[in-house]
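Line by line, the protein sequences give chains A and B. Per numbering that gives the first Met the number 0, the very first residue in the first sequence carries number 0; after that it's consecutive. Per numbering that gives the first Met the number 0, the very first residue in the second sequence carries number 0; after that it's consecutive. What follows is a single structure, written as structure tokens, with notes after it.
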Amino acid sequence: MADERVVIVGAGPAGCRAAEALAAAGLRPTVIDEARAAGGQIYRRPPPGFTRSAETLYGPDAGKAKAVHAGFDALAGRIDHRPGTTVWGLSGNRLFLRCGDEAEILPFDRLVLATGAVDRVMPVPGWTRPGVFTLGAAQIALKAQGVSIGAPVVFLGSGPLLLLVAHQYAKAGAEVAAVLDTSRLSDQIAALPLLAARPAFLARGIALRLGLRRLGVAVHQGVRPEEILGDDNGVVAIGWRGADGSARRLEARAVALGWHLRSETQLAQLAGCRMSFDPVWRQWAPTIDPMGRSSRPDVYLAGDGTRILGADGAEAAGRLAAAALLADIGRPIDDDRFRPLLRRRRRLDRFSRGLARAFPWPAEACRDRPDDAILCRCEAVTVGEYRASLQRTGAAEINRAKAFSRVGMGRCQGRYCGAAAAELLAGETGDVSAAGRLRPQSPVKPLPASAAEIGGR
Amino acid sequence: MSRPRFVRLAETGRPPVRFRLDGRKAEALAGDTVLTAILTNAGSLRPSEFGDGPRAGFCLMAACQDCWVWTEEGGRLRACDTVVAEGMALRTTPPEETRWPTSAS
Numbered sequence: 000m001a002d003e004r005v006v007i008v009g010a011g012p013a014g015c016r017a018a019e020a021l022a023a024a025g026l027r028p029t030v031i032d033e034a035r036a037a038g039g040q041i042y043r044r045p046p047p048g049f050t051r052s053a054e055t056l057y058g059p060d061a062g063k064a065k066a067v068h069a070g071f072d073a074l075a076g077r078i079d080h081r082p083g084t085t086v087w088g089l090s091g092n093r094l095f096l097r098c099g100d101e102a103e104i105l106p107f108d109r110l111v112l113a114t115g116a117v118d119r120v121m122p123v124p125g126w127t128r129p130g131v132f133t134l135g136a137a138q139i140a141l142k143a144q145g146v147s148i149g150a151p152v153v154f155l156g157s158g159p160l161l162l163l164v165a166h167q168y169a170k171a172g173a174e175v176a177a178v179l180d181t182s183r184l185s186d187q188i189a190a191l192p193l194l195a196a197r198p199a200f201l202a203r204g205i206a207l208r209l210g211l212r213r214l215g216v217a218v219h220q221g222v223r224p225e226e227i228l229g230d231d232n233g234v235v236a237i238g239w240r241g242a243d244g245s246a247r248r249l250e251a252r253a254v255a256l257g258w259h260l261r262s263e264t265q266l267a268q269l270a271g272c273r274m275s276f277d278p279v280w281r282q283w284a285p286t287i288d289p290m291g292r293s294s295r296p297d298v299y300l301a302g303d304g305t306r307i308l309g310a311d312g313a314e315a316a317g318r319l320a321a322a323a324l325l326a327d328i329g330r331p332i333d334d335d336r337f338r339p340l341l342r343r344r345r346r347l348d349r350f351s352r353g354l355a356r357a358f359p360w361p362a363e364a365c366r367d368r369p370d371d372a373i374l375c376r377c378e379a380v381t382v383g384e385y386r387a388s389l390q391r392t393g394a395a396e397i398n399r400a401k402a403f404s405r406v407g408m409g410r411c412q413g414r415y416c417g418a419a420a421a422e423l424l425a426g427e428t429g430d431v432s433a434a435g436r437l438r439p440q441s442p443v444k445p446l447p448a449s450a451a452e453i454g455g456r
Numbered sequence: 000m001s002r003p004r005f006v007r008l009a010e011t012g013r014p015p016v017r018f019r020l021d022g023r024k025a026e027a028l029a030g031d032t033v034l035t036a037i038l039t040n041a042g043s044l045r046p047s048e049f050g051d052g053p054r055a056g057f058c059l060m061a062a063c064q065d066c067w068v069w070t071e072e073g074g075r076l077r078a079c080d081t082v083v084a085e086g087m088a089l090r091t092t093p094p095e096e097t098r099w100p101t102s103a104s
């Protein structure tokens, strides 16, 4: 079985740990990653020539980031690492790759998908203005480029990343106007029993809040975003309502927004993996066993692309998926090593449910979006146009609605409108599972016509 | 060219990289992405082809596809995951000959 062709897609914490475990067992996996250096978005490495320390870049997670990087770098020569390469399609047992202008078809016997996640966003009127970025983007700008997305910045949304990135900005000397959190303190109190699964993480959240106060950054909770105002040059202010319903306005030149993460499931869906609706995260996820086996015997799943557990959960899931793969090809695996990982995963799962409850996705606000708000950023389709299309055609399923309205059909393939479109479809019933899930289309990312040619052959 | 958008906070000791932006001389730093190079010199990356105004990117992780810019030679670049190089000639508007007949043009 030494010739088993194993391919890992993604080199974040999950993909890196899976590669290590497979290489340790004597396999030579191919690791395909869009980034130039391994680490994923969370442990993203700045380009060569940057000098800030890991402690400055990753804060209290510096040790973990360095361990993931070092573990992966030590695999040089024992794996086939393909940085800067996009998997844009999957058919049967073949992956379609693009690296620059070069295209390639790569067959596999077993596949580990560790494709990560993107920010989950709710459309706010004016969110296409220059100066509005995702929370993840704001963090990447600071971490990988040493820049702020503008000054002053408003941080809007909810979730653990909101306070973290705001704090990183304030500490780096960026001008932070305020943090606008749509969740309420009562949400966090209700989630305490679940959050207690990770006391250290809970304590870190409280420390972030105190740290922001020390740095003079106001954190407003229970807010309702109304509009991002601007002129020809981009953002100038944000209008919002406080928890008491009062209309407020803050001057800002940049807005970072995000409500947790949204799994990148396109390749798992193209592979034909069974999907199930996760009511806690209100999104569809591939069905997996506790080890990360999908419904397809030769496809394994790990990391935030499957379950939003964060970086620690991704590391554990990457190791578990590798163990499952090794067991399935008849390699002996060490029970003592992966049993604690299974326990850890269960604890992280409990904590993750706590986070979803503590910082809820504003489903109701999503359904109430004003008609003039752009819903689809790619093709500038408004909420009103989407609603009118649903009414005219009677479409109740998201792919049918897409065919009529083009929402979800643009270049991002619904990554940034899909969550809100599902809420609008569900309407008063609130049953987003009934709206179905967007079917990904190959190529899952745009590619030059020269690269598409080889895919057609 | 509108007011620069991004603010440099760290890593400013890198060697300069000279490029052209919309026909004018501009400067970035080695290791900047095309997106950082443009937005430390200007306020936006491109006009939306649907006529709803300028855009300046959104996700910075190659997922949203909102940051495609043009080269003087007529090529397209995804600004957030392309590194700026000495002598690049970049445009925030499509070259006339490649412009599609849409509502924005």
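Glycine included, C-beta positions come from ideal geometry on N, C-alpha and C.
Using the beta-carbon of each residue, which ones in chain A are nearer than 8 Å to residue i?
{"i": "B/THR4", "result": "First, the residue type needs correcting, since residue 4 of chain B is Arg and not Thr in the sequence shown. Neighbours of B/ARG4 on chain A, chain order: PRO129, GLY130, ILE148, GLY149, GLY233, ARG252 and ALA253."}
{"i": "B/THR39", "result": "VAL146"}
{"i": "B/PHE49", "result": "GLU378 and ALA379"}
Could one say the Cβ of residue i lies closer than 8 Å to chain E's Cβ atoms, at least one of them?
{"i": "B/GLY42", "result": "Included in the structure are the protein chains A and B, with no chain E among them."}
By Cβ distance, which residues of its chain are closer than 7 Å to residue i, with the 5 residues on each side in sequence left out?
{"i": "A/ARG292", "result": "TYR299 and ALA323"}
{"i": "A/ALA53", "result": "ALA61, ALA64 and LYS65"}
For residue i, list the residues DSSP reports as bridge partners.
{"i": "A/ALA253", "result": "A/VAL152"}
{"i": "A/ALA459", "result": "Because chain A is modelled from 0 through 456, residue 459 of chain A falls outside the range shown and cannot be assessed."}
{"i": "A/GLU226", "result": "A/GLY238"}
{"i": "A/CYS416", "result": "Beta-bridge pairing links A/CYS416 to no other residue."}
{"i": "B/TRP67", "result": "B/ARG77"}
{"i": "A/PHE276", "result": "A/TRP283"}
{"i": "A/CYS98", "result": "A/GLU101"}
{"i": "A/THR381", "result": "A/ILE373"}
{"i": "A/TRP258", "result": "A/SER157"}
{"i": "A/LEU112", "result": "A/VAL8 and A/LEU300"}
{"i": "A/ALA107", "result": "Ala is not the amino acid found at residue 107 of chain A; the sequence shown has Phe there. A/PHE107 pairs with nothing; no bridge assigned."}
{"i": "A/ASP180", "result": "A/GLY156 and A/GLN220"}
Assign residue i to one of three DSSP states: helix, strand, or coil.
{"i": "A/THR286", "result": "coil"}
{"i": "A/TYR42", "result": "coil"}
{"i": "A/SER441", "result": "coil"}
{"i": "A/ASP460", "result": "In the structure displayed, chain A extends from 0 to 456; residue 460 of chain A sits before or after that span and is not available."}
{"i": "A/SER157", "result": "strand"}
{"i": "A/ARG366", "result": "helix"}
{"i": "A/VAL298", "result": "strand"}
{"i": "A/VAL123", "result": "coil"}
{"i": "A/ALA18", "result": "helix"}
{"i": "A/LEU56", "result": "helix"}
{"i": "A/GLN220", "result": "strand"}
{"i": "A/ILE205", "result": "helix"}
{"i": "B/GLY86", "result": "coil"}
{"i": "B/GLU26", "result": "strand"}
{"i": "A/LEU461", "result": "Lying outside 0 to 456, the shown extent of chain A, residue 461 of chain A is not represented and no answer is given."}
{"i": "A/GLY353", "result": "helix"}
{"i": "A/ASP335", "result": "helix"}
{"i": "A/PHE71", "result": "helix"}
{"i": "A/ILE139", "result": "helix"}
Run through chain A and tell me which residues come within less than 9 Å of residue i, C-beta to C-beta.
{"i": "B/ALA29", "result": "PRO46, PRO47 and GLY48"}
{"i": "B/VAL82", "result": "ARG35 and PRO46"}
{"i": "B/VAL23", "result": "Val is not the amino acid found at residue 23 of chain B; the sequence shown has Arg there. None at all; the shortest Cβ gap to chain A is about 18 Å."}
Residue i versus chain B: which residues are under 7 Å apart at the beta carbon?
{"i": "A/GLN40", "result": "MET60"}
{"i": "A/ILE373", "result": "ASP51"}
{"i": "A/PRO445", "result": "GLN64"}
{"i": "A/GLY172", "result": "LEU8"}
{"i": "A/ASP100", "result": "Simply none; closest approach about 10 Å."}
List the residues of chain A whose Cβ lies closer than 7 Å to the Cβ of residue i, in chain order.
{"i": "B/GLU85", "result": "Result: empty, since nearest Cβ-Cβ is about 14 Å, beyond 7 Å."}
Determine the chain B residues that contact residue i at a beta-carbon separation under 9 Å, and present them in chain order.
{"i": "A/LEU141", "result": "LEU8 and ALA9"}
{"i": "A/ALA189", "result": "The premise fails here: A/ALA189 is roughly 31 Å from chain B at the closest Cβ pair, so nothing lies under 9 Å."}
Only counting the same chain, and skipping five residues up and downstream in sequence, which positions put a Cβ closer than 6 Å to that of residue i?
{"i": "A/GLY210", "result": "HIS166"}
{"i": "A/ASP79", "result": "THR29"}
{"i": "A/ARG247", "result": "TRP239 and GLY241"}
{"i": "A/VAL382", "result": "ARG368, ASP370, ALA372 and LEU374"}
Enumerate in chain order the residues of its own chain whose CB-to-CB distance from residue i is below 8 Å, with the five nearest sequence positions on each side excluded.
{"i": "A/ARG51", "result": "PRO45 and GLY145"}
{"i": "A/ALA176", "result": "PRO151, VAL152, VAL153, LEU249, GLU250 and ALA251"}
{"i": "A/ARG456", "result": "Because A/ARG456 sits at a pLDDT of 43, beneath the cut-off of 50, its placement in the model cannot be relied upon, and the point is left open."}
{"i": "A/ALA42", "result": "For the record, residue 42 of chain A in the displayed sequence is Tyr; it is not Ala. So the qualifying residues of the chain are GLY11, PRO12, TYR57, ASP60, LYS63, ALA64, VAL67, HIS68 and ALA310."}
Mind listing the chain B neighbours of residue i? Cutoff is C-beta to C-beta under 8 Å, in chain order.
{"i": "A/TYR57", "result": "Under the 8 Å cutoff, chain B gives no residues; its nearest Cβ is about 14 Å from A/TYR57."}
{"i": "A/TYR385", "result": "Here the premise fails: no neighbours, minimum Cβ distance about 15 Å."}
Report yes or no: do three or more beta-carbon pairs, one from the stretch 30 to 47 of chain A and one from the stretch 316 to 330 of chain A, lie closer than 8 Å? By the C-beta criterion, the stretch 30 to 47 of chain A is judged not to be in contact with the stretch 316 to 330 of chain A, since fewer than 3 inter-stretch pairs fall below 8 Å.
The stretch 251 to 270 of chain A contacting the stretch 437 to 445 of chain A, beta-carbon criterion three pairs below 8 Å: Yes, the stretch 251 to 270 of chain A touches the stretch 437 to 445 of chain A.
Are the stretch 23 to 43 of chain B and the stretch 78 to 93 of chain B touching, with three or more C-beta to C-beta distances below 8 Å? yes
Closer than 8 Å is the cut-off here; do at least three beta carbon pairs connect the stretch 10 to 19 of chain B with the stretch 114 to 130 of chain A? no
Closer than 8 Å is the cut-off here; do at least three beta carbon pairs connect the stretch 110 to 118 of chain A with the stretch 247 to 266 of chain A? yes
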